[in-house]
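Here the structure is laid out as structure tokens; the discussion comes afterwards.
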Amino acid sequence: MTRAVLLLAHTGRAKTAEAARAVVMRLQDAGVEVRLLAEEADAIGLTGVTVYASGTEAAAGSELVLVLGGDGTILRAAELSRDCGVPLLGINLGRVGFLAEAESSDLEGTVEHVLARDYHVEERLTVDVTATCDGRLLGTGWALNEASVEKGARERMLEVVVEVDGRPLSRWGCDGVVAATPTGSTAYAFSAGGPVVWPMVEALLVVPISAHALFARSMVVAPTSVVAMEVLPSGAEAVLACDGRRTIELPHGSRVEVRRGSVPVPLARTSHPRTFTDTLVDKFDLDVDGWRGRSPR
Numbered sequence: 120m121t122r123a124v125l126l127l128a129h130t131g132r133a134k135t136a137e138a139a140r141a142v143v144m145r146l147q148d149a150g151v152e153v154r155l156l157a158e159e160a161d162a163i164g165l166t167g168v169t170v171y172a173s174g175t176e177a178a179a180g181s182e183l184v185l186v187l188g189g190d191g192t193i194l195r196a197a198e199l200s201r202d203c204g205v206p207l208l209g210i211n212l213g214r215v216g217f218l219a220e221a222e223s224s225d226l227e228g229t230v231e232h233v234l235a236r237d238y239h240v241e242e243r244l245t246v247d248v249t250a251t252c253d254g255r256l257l258g259t260g261w262a263l264n265e266a267s268v269e270k271g272a273r274e275r276m277l278e279v280v281v282e283v284d285g286r287p288l289s290r291w292g293c294d295g296v297v298a299a300t301p302t303g304s305t306a307y308a309f310s311a312g313g314p315v316v317w318p319m320v321e322a323l324l325v326v327p328i329s330a331h332a333l334f335a336r337s338m339v340v341a342p343t344s345v346v347a348m349e350v351l352p353s354g355a356e357a358v359l360a361c362d363g364r365r366t367i368e369l370p371h372g373s374r375v376e377v378r379r380g381s382v383p384v385p386l387a388r389t390s391h392p393r394t395f396t397d398t399l400v401d402k403f404d405l406d407v408d409g410w411r412g413r414s415p416r
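Residue 222 in this note's numbering sits at position 103 of the sequence shown, with consecutive numbering throughout.
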């Protein structure tokens, strides 16, 4: 049976297009069917690939979704592949790339791991999100990194009550609140001052954004908890954003509930992956060179 890989790339960068052409050539030489979205195939100038108009159709039946780009491209890939249960393997050609398995310097080696089936799959926790107002459903969504409730007007502060498991926790005048997964702890939640949580820890994070309050600490709650945020009429109206990609307008009186997602996102990892600690050191450029190789006391 022919193996199939869906390739997604950030086509706005010349080096990414060049890398995509090299990856396609190597996969095809090994007899692997390469699938691309029509607009990306046109942008990269590729022929001899299987072209799809729909990303969901392209992901269905694929062995992997191989992603060339940064975290934004990987999050876009997760939208296409999550419901199909197809694992993602990201190669960072962007700036940060916390979700990526490998860096651009490892491109050739990572493709060889894929060809040798030298990888395993781990599931990342997601969140499911429901927004209502006066008993009316405003919308639902999900996120791999975070769901954030943010003020809709720059000149006004958001007034929000935060609950955990049906019990009011705090009222904040703030720019917003982030409910994040451990995977998302190094994304928006980190920028807002939240803790770094190792991605395989099962938990949810609650992080206020620029809260004007004496108690405005980030919190780590149980993975079974339900985090709720109610938008009060004394402040600005709000916007719900899931992974910064899908938004829902929140009028006064809206209530957003965030809980553990029913469907995780599978990420493929090679048999010789970087540890998360190594990723932190590399991404934040921490000066630990003098300690490398030292045995613990």
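We treat Cβ as the ideally placed atom computed from N, Cα and C, and that holds for glycine. All figures in this text were calculated on a predicted structure; none of them were measured in a lab.
Check whether the region 143–152 touches the region 197–209, counting contact only when three or more Cβ pairs, one atom from each stretch, lie closer than 8 Å. no
Alpha-carbon spacing of V230 relative to V142, whole angstroms: For this step, residue 230 is matched to residue 111 along the sequence shown. For this step, residue 142 is matched to residue 23 along the sequence shown. Distance between the alpha carbons of V230 and V142 is about 7 Å.
Measure the alpha-carbon distance for V345 versus E376 and round it to whole angstroms. In the sequence shown, residue 345 corresponds to position 226, counting from 1. In the sequence shown, residue 376 corresponds to position 257, counting from 1. Distance between the alpha carbons of V345 and E376: 7 Å.
Under 8 Å Cβ to Cβ from A179, same chain only, skipping five residues before and after it: list those, please. Against the sequence shown, residue 179 aligns to sequence position 60. C203, V205.
Which of the three DSSP states, helix, strand or coil, is assigned to D190? As a position in the sequence shown, residue 190 is number 71, starting the count at 1. It is helical.
For A136, report the span of its alpha helix (DSSP H) as first-last. By 1-based counting over the sequence shown, the position of residue 136 is 17. Note, A136: alpha helix (DSSP H), 133–148.
Helix, strand or coil at D253 [DSSP, three-state]: For this step, residue 253 is matched to residue 134 along the sequence shown. It is coil, neither helix nor strand.
Classify H331 as buried or exposed, calling it buried when 16 or more other Cβ atoms lie within 10 Å of its own Cβ. Position 212 of the sequence shown holds residue 331. With fewer than 16 Cβ atoms within 10 Å of its Cβ, H331 is classed as exposed.
Own chain, CB closer than 6 Å to G213, minus 5 neighbours either side, in chain order: Your numbering for residue 213 matches position 94 in the sequence shown. These residues qualify, in order along the chain: G188, G189.
Assuming T302 contacts P314 (C-beta within less than 8 Å), just tell me the rounded distance between them. Residue mapping note: residue 302 aligns to position 183 of the sequence shown, counting from 1. Residue mapping note: residue 314 aligns to position 195 of the sequence shown, counting from 1. Contact doesn't hold; Cβ gap of about 13 Å is too wide.
Entirely enclosed alpha helix (DSSP H) segments - the region 325–380, minimum 4 residues: none
Are D294 and I328 close, meaning C-beta to C-beta below 7 Å? Counted from its first residue, the sequence shown places residue 294 at position 175. Counted from its first residue, the sequence shown places residue 328 at position 209. Yes, the Cβ-Cβ distance between D294 and I328 is below 7 Å.
Check whether the region 151–168 touches the region 129–139, taking contact to mean three or more Cβ pairs, one atom from each stretch, closer than 8 Å. yes
Short check: CB of S181 to CB of L125, under 7 Å? In the sequence shown, residue 181 corresponds to position 62, counting from 1. In the sequence shown, residue 125 corresponds to position 6, counting from 1. In this structure, L125 lies closer than 7 Å to S181 by Cβ.
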